[in-house]
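*Asks:* The following block contains the structure, expressed as structure tokens.
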Amino acid sequence: MSAKQNSSGAPNAGEHVPQDDTVIGRAFGWSLIVIGLFIVGGAGFAVWFFRPKPPPATVKTEYKPPIKRESPSVALPDVTFTDITSKAGITFVHHNGARGEKLLPESMGGGCAFLDFDNDGDQDLLFINSCDWPGQQPKGSPAPTMELYRNDGTGHFENVTKGSGLDVTFYGQGVAVGDYDGDGWIDVFISGVGLNHLFHNEQGKFRDATESAGVGGTPQQWSTSCTWLDFDNDGDLDLFVGNYIRWSAEIDHALDCRLVGAGRAYCRPDAFEGAFPYLFRNDGGGKFSDVTAAAGLQVKNPNTGVPQPKSLGVAPIDVDRDGWIDIVVANDTVQNLLFHNKQNGTFEEIGALVGVAFDNAGQARGAMGIDAGFFRNDNTLGVVIGNFANEMTALYCTRGTSMQFSDDAVATGIGPPSRLLLKFGVFFFDYDLDGRLDVLAANGHLEDEIHKVQQSQTYEQPPQIYWNCGTKGASEFAAIPKDKSGEDFSKPMVGRGSAYADIDGDGDLDVILMATGAAPRLLRNDQQLGHHWLRVKLVGTAPNRDAIGARVEAHVGSQIMTRLVTPTHGYLSQSELPVTFGLGAAAKVDKLAIRWPDGSTVEMEEVAGDQVLSVNQPVLP
222 MSAKQNSSGA
232 PNAGEHVPQD
242 DTVIGRAFGW
252 SLIVIGLFIV
262 GGAGFAVWFF
272 RPKPPPATVK
282 TEYKPPIKRE
292 SPSVALPDVT
302 FTDITSKAGI
312 TFVHHNGARG
322 EKLLPESMGG
332 GCAFLDFDND
342 GDQDLLFINS
352 CDWPGQQPKG
362 SPAPTMELYR
372 NDGTGHFENV
382 TKGSGLDVTF
392 YGQGVAVGDY
402 DGDGWIDVFI
412 SGVGLNHLFH
422 NEQGKFRDAT
432 ESAGVGGTPQ
442 QWSTSCTWLD
452 FDNDGDLDLF
462 VGNYIRWSAE
472 IDHALDCRLV
482 GAGRAYCRPD
492 AFEGAFPYLF
502 RNDGGGKFSD
512 VTAAAGLQVK
522 NPNTGVPQPK
532 SLGVAPIDVD
542 RDGWIDIVVA
552 NDTVQNLLFH
562 NKQNGTFEEI
572 GALVGVAFDN
582 AGQARGAMGI
592 DAGFFRNDNT
602 LGVVIGNFAN
612 EMTALYCTRG
622 TSMQFSDDAV
632 ATGIGPPSRL
642 LLKFGVFFFD
652 YDLDGRLDVL
662 AANGHLEDEI
672 HKVQQSQTYE
682 QPPQIYWNCG
692 TKGASEFAAI
702 PKDKSGEDFS
712 KPMVGRGSAY
722 ADIDGDGDLD
732 VILMATGAAP
742 RLLRNDQQLG
752 HHWLRVKLVG
762 TAPNRDAIGA
772 RVEAHVGSQI
782 MTRLVTPTHG
792 YLSQSELPVT
802 FGLGAAAKVD
812 KLAIRWPDGS
822 TVEMEEVAGD
832 QVLSVNQPVL
842 P
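Position one of the sequence shown corresponds to residue 222 (our numbering), numbered consecutively onward.
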């Protein structure tokens, strides 16, 4: 036995054996190989994993151009309007008193009215004027007044202002015409900044009856659009007057409104509190009572408790056709209102409930002028409202006889081309006598330097006509281009109030467009389309001798055209009372149906066209 081994033959602990180095060396080598393999494999995996992605395979497909949806094409009518302002003898120039202080009323313009004040059967003209602010009238200059022009029946006018009783000076705004005492002579109410004025027509001359009638309002109010209507169905005409905002020169100056890069600017109405309207009930004998509060017309802002309305336009219309006149009010920067007549001397405000208060996004807009009409020749009632720049014109439509409205401005085609312009005087009228109601809009901005901050805007803007295509076009309304209406019509202006009438007895409708601080534009309709027409003048029984509130239907073939008897259309203005039906190619009306304000009806068969038909209301036993 060797001395280095124990009895079992194993090496003694702590002793070095040569074979250990060999074993350790082999293990270490294998470890290095394994580690190397891991490194190489990992590197290979990394290279594979992070390798550049190959480009996707190119797939070639045959190009197929989109299929264009076929839409009906229509031939727009050629209807030239000719500016005859000077030729017709109109020399009126609106005076707004602007001296650079930028007081808000200066920007709003004035209204006008077609009316037969002398009962000779043709349409005369009244222009509403404003004036200088206190202490600013130039020395030696005559104070501006309203101006009245008599029509000779051919479309030529004579200035008969002097001695008429309407040669008065105050800051006028809107006008309403109606025979409030039933004596057969049409009277005139003029709204304004401060006190309003009522003028009684005494066989062609006017007497100020404001104080005795009790309709002057208060010096603190700013009144705008107004209308005569019989809200309580007692047979005489009551008076609704819209009020705009709580305004004074001191408040306006204190707000110190600015236009970026252009200095002092006209303040927005949302900087002012609203104002309640007036509703004056006709008590007979030339007297009126203020029943605004009792009738439920004083709507308050639910958050602040101050008056909510900021009214610029009003449309008296029997919305649900129950025989009682309702009132739709266009408000600036706050929701529009619809006062539903409850048949007991009171109204319920339901504008938001029935869908006329806001746009389709639930926002209030800057509403100016308003009108209502049956533009589809069926039971659809349309309410058109001209809104501020960059807001589309609204066209709220009912479904049949329902009171529920939807804003169909985009769907009907009237919305998109109206968006950029600032719309004031809007109304329905059949300018080409094809039997369908078209829409006119008088446009113009508030700021003469608006182009410095908004390149898309100008101070003077062209008026627009939207032709009613009926069901023939891709949309119901088509904006008429300049080459289809004439240079005189399309020339830009600072448009405000507007009105229509047949001034020359040829059956078609002529137009007056007002401008703030400038001359108006009297446009003669020179259409030569060969279309037939029928004009109907209603003579009611006293005291509502003009049958305001009546509805006239003309049945021509399968079409039923409806016209409403009221002079109140648009912004601050009044149009003629006779109603016009364009008959197109038809030479007669198959049936004429008249619903008088008292609910009685008259029907006439086979009425020849191309005439002015006067119809007297039957006297009930």
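C-beta: ideal position from N, C-alpha, C; glycine also.
Keep in mind the model is a prediction, meaning the values are calculated, not measured.
(1) So what's Asp709 in DSSP terms, helix, strand or just coil?
(2) Give me whichever residues DSSP pairs with Phe802 in a beta bridge.
(3) When you compare only the Cα positions, how much space is there between Asp353 and Gly310?
(4) List, from N- to C-terminal side, the beta strand (DSSP E) runs of 3 residues or more that fit wholly inside the segment 453-528.
(5) Could you pull out every residue in the same chain whose Cβ sits closer than 7 Å to the Cβ of Arg766, ignoring the five residues on either side in sequence?
(6) Note down the Cα distance separating Gly751 from Pro298, rounded to an integer number of angstroms.
(7) From what residue to what residue does the alpha helix (DSSP H) around Val396 run?
(8) State buried or exposed for Val462, treating a residue as buried only when at least 16 other CB atoms are found within 10 Å of its CB.
(9) In this structure, what does DSSP give as the bridge partners for Ile411?
(10) Alpha carbon to alpha carbon, what distance is there between Asp669 and Gly321?
(11) Can you list, in chain order, the residues of its chain whose CB lies under 8 Å from that of Ala768, leaving out five sequence neighbours each side?
(12) Count the other CB atoms, across all protein chains shown, that sit within 10 Å of the CB of Asp628; report buried if there are 16 or more and exposed otherwise.
(13) Just the C-alpha distance for Leu347 and Asp651, rounded to the nearest angstrom, thanks.
(14) Using 10 angstroms around the beta-carbon of Thr614, count the other beta-carbons present and answer buried if the total reaches 16, otherwise exposed.
(15) Can you give, in chain order, each stretch of the beta strand (DSSP E) that sits fully within the segment 756-835 and has at least 3 residues?
(16) Counting pairs of beta carbons, one from the segment 617-633 and one from the segment 799-813, are three or more of them closer than 8 Å?
(17) Give a yes or no on contact between the segment 780-799 and the segment 383-398, applying the rule of three or more CB pairs nearer than 8 Å.
(18) Give the C-beta separation of Asp592 and Arg586 to the nearest angstrom, bearing in mind that I take them to be a contact with Cβ-Cβ under 8 Å.
(19) Secondary structure at Leu574, three-state DSSP: helix, strand or coil?
(20) Between the beta-carbon of Ala536 and the beta-carbon of Ala516, is there less than 9 Å?
(21) Classify Leu730 as buried or exposed, calling it buried when 16 or more other Cβ atoms lie within 10 Å of its own Cβ.
(22) Give me the Cα-Cα distance between Ala699 and Cys690, rounded to the nearest whole angstrom.
(23) Let me confirm a value: Pro842 is counted as buried when at least 16 other C-beta atoms fall within 10 Å, else exposed. Which label applies?
(24) Would Leu574 be called buried (16 or more neighbouring beta carbons within 10 Å of its own) or exposed?
(25) Using a threshold of 9 Å, state whether the C-beta atoms of Ala483 and Val715 are closer than that.
(26) In three-state DSSP terms, what is His672?
(27) Thinking Cys333 and Pro741 are a contact (beta carbons under 8 Å), I'd like their distance in whole angstroms, please.
(28) With DSSP run on the structure shown, which of helix, strand or coil describes Val660?
(29) Run the proximity test for Gly607: is its beta-carbon closer than 8 Å to any non-hydrogen atom belonging to the ligand PLP?
(30) Can you list, in chain order, the residues of its chain whose CB lies under 8 Å from that of Lys426, leaving out five sequence neighbours each side?
(31) When you compare only the Cα positions, how much space is there between Lys521 and Phe568?
(32) Measuring straight from C-alpha to C-alpha, what distance separates Arg542 and Asn600?
(33) Please return the same chain residues whose Cβ sits closer than 8 Å to the Cβ of Phe472, not counting the five positions on each side in sequence.
(34) Spatial neighbours of Arg502 within its chain, please: C-beta separation below 6 Å, excluding the five flanking residues on both sides.
(35) Classify Asp177: buried if its beta carbon has 16 or more other beta carbons within 10 angstroms, exposed otherwise.
*Replies:* Once the coordinates are examined:
(1) Asp709: helix per DSSP, three-state reduction.
(2) Within the DSSP bridge table, the entry for Phe802 names Leu755 as partners.
(3) If I take the Cα positions, the gap works out to 25 Å.
(4) Within the segment 453-528, the complete beta strand (DSSP E) runs of at least 3 residues fall at 459-464, 499-505 and 508-511.
(5) Short of 7 Å from the beta carbon of Arg766, and not among the five residues preceding or following it, lie these beta carbons of its own chain, in chain order: Asp400, Gly403, Gly405 and Val760.
(6) Whole-angstrom Cα-Cα distance: 12 Å.
(7) Membership of Val396 in any alpha helix (DSSP H) is not indicated; the residue belongs instead to the beta strand (DSSP E) covering Gly393 to Gly399.
(8) With 16 or more Cβ atoms within 10 Å of its Cβ, Val462 is classed as buried.
(9) Ile411 pairs with Val396 and His418.
(10) For Gly321 and Asp669, the distance between alpha carbons rounds to 11 Å.
(11) For Ala768, the CB contacts under 8 Å within the same chain, skipping 5 residues up- and downstream, are Leu759, Val760, Gly761, Val786, Trp817, Pro818 and Gln838 in chain order.
(12) Asp628 comes out buried.
(13) Distance between the alpha carbons of Leu347 and Asp651: 23 Å.
(14) Under this definition Thr614 is a buried residue.
(15) The segment 756-835 contains, as complete beta strand (DSSP E) runs of 3+ residues, the segments 772-777, 780-785, 800-805, 809-816 and 822-829 (chain order).
(16) Contact between the segment 617-633 and the segment 799-813 is absent: fewer than three C-beta pairs spanning the two stretches fall below 8 Å.
(17) Judged by Cβ distances under 8 Å, the segment 780-799 makes contact with the segment 383-398, as three or more pairs qualify.
(18) Actually they do not touch by this definition, with Cβ atoms about 16 Å apart.
(19) For Leu574, the secondary structure class from DSSP, reduced to helix, strand or coil, is helix.
(20) No, Cβ-Cβ distance for Ala536 and Ala516 is not below 9 Å.
(21) Leu730 is buried by the Cβ-count criterion.
(22) Distance between Ala699 and Cys690, taken at the CA atoms: about 7 Å.
(23) Per the 10 Å Cβ criterion, exposed.
(24) So Leu574 ends up on the exposed side.
(25) No; because the gap between Cβ atoms is not below 9 Å, this pair is not in contact.
(26) Looking at His672 - three-state DSSP - the assignment turns out to be helix.
(27) Sure, about 7 Å apart at Cβ, within 8 Å.
(28) DSSP places Val660 in strand when its eight states are reduced to three.
(29) Within the structure as shown, the ligand PLP is missing, as the structure has no ligands at all.
(30) Counting only Cβ-Cβ distances below 8 Å, and skipping sequence neighbours, we find Gly384, Ser385 and Gly386.
(31) Those two C-alpha atoms are separated by around 15 Å.
(32) Whole-angstrom Cα-Cα distance: 10 Å.
(33) Per the sequence presented here, residue 472 reads as Ile, with Phe not at that position. Setting aside the 5 residues that flank it on each side, Ile472 is surrounded in the same chain by Phe493, each with a C-beta closer than 8 Å to its C-beta; the list follows chain order.
(34) Within the same chain, Arg502 has close Cβ partners Asp459, Ser510 and Val512.
(35) The chain is shown only over 222 to 842; residue 177 falls outside these bounds and no answer can be derived.
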